[in-house]
Amino acid sequence: MQQIELLAPAGNLEALKAAVQNGADAIYLGGQDFGARAYASNFDREAMKEAVSYAHIRGVKVYVTVNILVKDEEIETLMEYIKFLYEIDVDAVIVQDMGVFHLIKELFPDFEIHASTQMTLHNRQGVEVLKEMGVSRVVLSREVTIEEIKDIYDATGMELEVFIHGALCVSYSGQCLMSSFIGGRSGNRGRCAQPCRRQYNLLKLNRDKEILKSGEFLNKGRSFHLSMRDLNTLEEIGQLIEAGVTSFKIEGRMKKPQYVASIVRGYRKAIDLYLSDRKALKDDQLQEEIAQMFNRKFTKGHLFHSPKAEVINIEKPNNRGLYLGRIEDVNRKENRFRIKLEVDIAVGDGVEIWNESTDDMGGNIRNIYRDHQLVKEAKKGEVVELEMRCSVQKGDQVYKTLNLSLMDALEKTYAQDKEYKKIPLYGKVQVELNEKIKVCLWDNEGHAVEAKSDAVVEAALKVAVTEEKLLEQLSKLGNTPFQLEHLDVSLGENCSVPVSVLNSLRREIVDQLMDLRKNRHNRETIENQDFNEKLRSWISNSERKNKEPLASLRLSVKVDTLHQLKEVLKHDVGRVYYEDIATFKDAIGMCREKNTAALTEIYLRTPNILRNSEYDRLENLVEGLSFDGILAGDVGLIRWNKEHANLPVFGDYTLNVFNRPSIHAFEGLDFNGITLSPELDFNSLYQLDFNNALEKEAMIYGKVVVMTTEYCPFIQENQCDHNCNQCRYPKYHYNFGLNDAKNVSFPIAKNYWGRTIILNSKPLFMIDRLHEFKDVPVQWLRLEFTDETIEEIKELLELAEKNIHRALTGEKSKEDIEVERIFKDGFTRGHYYRGVE
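Numbering (our numbering), first residue to last: 7 to 843.
Listed below in C-alpha cells is the structure:
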C-alpha cells in the first residue's frame, strides 16, 4: 500500500506548531511572495527557516507553495527564492506555472516538485504528461470523483494528493478569471477577491442584453449562487486510501491555529483507525467539534457525488457554526432573549443572529440565566435567557459561532511548548573502567549519533552506578520531541559515573540528533556566482532577439454553431476553431466546400475540462473525420493526440501561458502553437521571443470564459429535473445570466459536455487597436463568438480584416463601425493596458 500522509496548512508559525503537535505528517505553507494566498500572513525568510527546522526535527515534511503565474520580470527574483528554499532543506515546492516548473528542473534537478491544483489536472492523460516531465506528485482538481482517482492511480502509479476538508472553489482551480476581469485581482496570481462569495440573481436575458424582470425565471431575490459549501470527508477516508490517495490535504492557510489543530487531530484519528482496523470513523461529537470550528454547511463534494444542489450554500457565504435555536421571547429592557438550546452554551461563547429584515448580527454571551438564576453554562434542551448587546426579534435564528472553552483547550495542544508529538529513539551506552563513556542514539529514519565523555571512568569509592540509574538519566529527555523506547546497557563492575556527566552526554547527543534531523536531504550550498551565471545565461538566451515586426498576421475565429460558421467562412479567416463536437462533421464539410483562394483550416476546439470517460467518448466522436488540428484546452490532449490523432496541436489560453519559460515548456511537449494568457499586458507581450519555434496567438475579441464549473445555477431555481444528461436548455445558448449587485450580468451556458461556463459581462474589444500587435511576437489574432448576431459577426470580421491590413502597412487601426451600437453595455480592453496584480 502507498505511504499515507496527512497534509496540513499553516499560515504562520503558530499554526504550523498546531498542525505538527496534533499529528500532521507534512505541512504546506507560503512565503511572502509567489503563493496563491497572498492575503495570508505567510512566512518571511527567518520564519521559514524556523518552520523547516521545527518540522524536520519532529519528522514532518514541509512543502512551500510557489503556485502562481509569474511575470518574466519576476523570474530572476523567483529563482533566487527557489535557491533559498532549496538550501534551507524544504522538501518540495508546489507549482502552477509550467515555466516555473521548467526552470526548476533546469536549475535544481533534484528538487521535488508537486503539480498544484491550479494546474487543473483532472484526468489520467494530463497526469501522465506531468509524470513524464518529472513531477513527483499531482494535486488533483477538487471535482475529480473517487472512481476517477482510482482510475488515475491504477493507470499512472503517480503520487496523488487530494483535498479532504475545507473551502471549495466553484470553478475549476486555475480556470477562474472572474476576479481578474472584474477588478484586476487575479486568482492565478494569488489575489482572488472571491466574487463567488457574492450575491447574484439568476435572470433571463433577451437579445438586446437587457434583463427581463419577468418571464421564465421567477426570481427569489439575490442568493449566493456560486458560494460552495465546505468539504468534509471524515467518514470516507478509507475509500480514499483504497483508491490510491497518498496525501490527504486539509485546506485552510488563512485559518486560525485552533482550527488547524482541531481538523488535523480529527483526520489523524480517522486515518489511524482505518489503517489499524479497516474501519470508518463514526464520531458525532468529533463532527460537532469540526462544525463548530468553521463551516458553510458541509458537503462530500463532487468527490463522493453529492447532489449538485447540495454543494452550494445559497443562504450565506461564511461561517454558520452550530444551530443554537430560535428566539422565543425578547426582554429589551435587560438585553436578554429566551431560547431553547439545541447545543450547549457558556458565558463568553460567540453567537450570530440571523434576521431576515436586517444584516446578521453577532457578539459574545455576557450572561446566562436559568430560572432567573445567573449560571456560567447551560446544556442542550434547557430553556434559558441569554444576555448580549444587539437588536434581536422574536423568531430570529441563533447560531453558536465560537466555543471559548474548546478554543482554549485546542490552544493548549501547541502553545505551551509542551511536546505532544514524540519521536521514538533507541540507544546503547557502554561504561567500562578506564574507558570513556560511549552513548549512541538512533531513530527509525536512519539518523544515528554518538557522544563520548571527556574523562575515563574511574572505580567507585562508595556506590557504583547501576543499569537502572543509567537508564533513568538517559531517558530524561524532558520537553524535547523525543522519547527513549529502548536502551542497551553494557556496564562494567564497580564503575563510578557522576549524574552531571550523564546529563551532559544526554544533552550533547540530543543536540547532535536535532541538527542531523533538521537536514533531511544533505544538499550542498550552491555558489552564488555559479548560480547567477547559469540563471542569467538562461534568461539571456530566452530574451527577445529579433526586434523586427512580423511580416504577417492572420485571423483565427472560434465559433460554437454552424450558423456562425457560415458567416465566418465569407471572410479572410485563416483558421476556425469549432467547439460543438455534435455538429463538427458538418462544420468540416462546410469548410471543405469554401470556394475561395484562401483556404481556411478547421480545428476542433476541445474544452479545458475533459474527464477520463470523456476522452474515451472523444475518440469515438472524431473517428473517421478529417480535420486540420486541435485547439487543446487541457494539457492531456497532447498525449491523447499522439496516441489517436497525430494532428497539429495548438494550446488554448486555458493553459495559462504567461512567460518565456512557459513557452519553452510547451514547446518541449510538442505543441505547435500556443494562445497567450488573456491576463498578459502589452509590456509583458513585448518581452516574448519571436525566435521561438512555437506559433503564438492573442485574443482580440470575445467574452472571455471566466469560470468553468460542474455546478449548475439552474438547479437552485428548480428550473430543471436535476438530470444533467437530459438538460432541456440547448448547448451554447447564452440566454441566462448571473446579475450582481451593480446590475452587471455574466452570461451562462452549457457546453457540449454539459458543464456550465460563465462569460465575462463585457466583450474584450481590441479590433480597433491591431496596430499595437505588430510589434508583439504573435502570428495569430483570435476572435471568439458566443452570443453575437450574424450581423454583428459580419461587422466585426470586416473591421478586423481592414485593420490587420492597416497594421501590416504601418497605419493605425480605425473604428469603421458604430461601436456604441454593437456594445450597448460597453466593452473592455481586458488586461492589455492595466495588467493584473
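Glycine included, every Cβ here is placed at the ideal spot set by N, Cα and C.
The region 511 to 523 makes contact with the region 56 to 73; the number of CB pairs closer than 8 Å reaches 3 or more. Taking one beta carbon from each stretch, the region 249 to 267 and the region 400 to 408 have fewer than 3 pairs nearer than 8 Å; the two do not touch.
Three or more Cβ pairs closer than 8 Å define a contact, and the region 498 to 506 meets that threshold against the region 468 to 475. Secondary structure of D335 (DSSP, three-state): strand. Per the Cβ contact rule, the region 388 to 403 is in contact with the region 341 to 349 (3 or more Cβ pairs under 8 Å). Put simply, of V565, P263, Y280 the residue whose alpha carbon is nearest the alpha carbon of E417 is P263. Here Y839 is exposed, its C-beta having fewer than 16 other C-beta atoms within 10 Å. Inter-residue distance for N324 and L13 is about 24 Å (C-alpha atoms, whole angstroms). Take Q124, set aside five residues on each side of it, and the residues of its chain with a beta-carbon closer than 6 Å to its own are N73, Q102, S179, G180, in chain order.
Cβ-Cβ separation between M85 and L541: approximately 5 Å, consistent with a contact (criterion under 8 Å). For K444, the closest alpha carbon among the candidates A315, N450, S767, V463 is that of V463. The straight-line gap separating the alpha-carbon atoms of F771 and G708 is approximately 7 Å. Taking V641 as reference, the option from L631, N678, D634 with the minimal CA-CA separation is N678. F488 places its beta carbon 8 Å or farther from that of K427.
For Q379, the beta-bridge partners assigned by DSSP are R376. Sorting R372, V750, F304 by C-alpha distance to the C-alpha of R228 places V750 at the top. The straight-line gap separating the alpha-carbon atoms of K23 and A61 is approximately 8 Å.
Cα atoms of H378 and E334: separation of roughly 16 Å, rounded to the nearest angstrom.
Across the structure, E625 and H650 are spaced so that their CA atoms are roughly 7 Å apart. For D157, the closest alpha carbon among the candidates L183, E629, T486, H128 is that of H128. The straight-line gap separating the alpha-carbon atoms of M367 and K55 is approximately 42 Å.
Around the beta carbon of E797, fewer than 16 other beta carbons lie within 10 angstroms, which makes this residue exposed.
Along the region 627 to 661, the alpha helix (DSSP H) occurs as fully enclosed runs of 4 or more residues at 643 to 650, listed in sequence order. Looking at L675, L568, F304, the one whose alpha-carbon comes closest to that of A588 is L568.
W544: member of the alpha helix (DSSP H) spanning 534 to 548, first to last residue. For R195, there is no enclosing alpha helix (DSSP H), as DSSP gives it neither H nor E. By alpha-carbon distance to Q293, the top candidate from G272, G258, L309, P313 is G272. Separation of G193 and F230 (C-alpha to C-alpha, rounded to the nearest whole angstrom) is 19 Å. Under DSSP, T305 takes part in a beta bridge, and its partners are L237. In this structure, L208 lies near L744, with their beta-carbon atoms less than 8 Å apart.
A Cβ-Cβ separation of about 36 Å leaves R235 out of contact with N337 under the 8 Å criterion.
Counting only residues of its own chain and dropping the five nearest sequence neighbours on each side, C597 has a CB closer than 6 Å to the CB of T606, I608.
Taking 8 Å as the cut-off, the beta carbon of K600 is found closer than this to the beta carbon of L575. Taken through DSSP and simplified to helix, strand or coil, H171 comes out as strand.
Taking a C-beta distance under 8 Å as the contact criterion, F300 and Y265 qualify as a contact pair. Excluding five sequence positions before and after G639, the CB atoms of its chain that fall closer than 6 Å to its own CB belong to T612, P613, N614, D658, T660, given in chain order.
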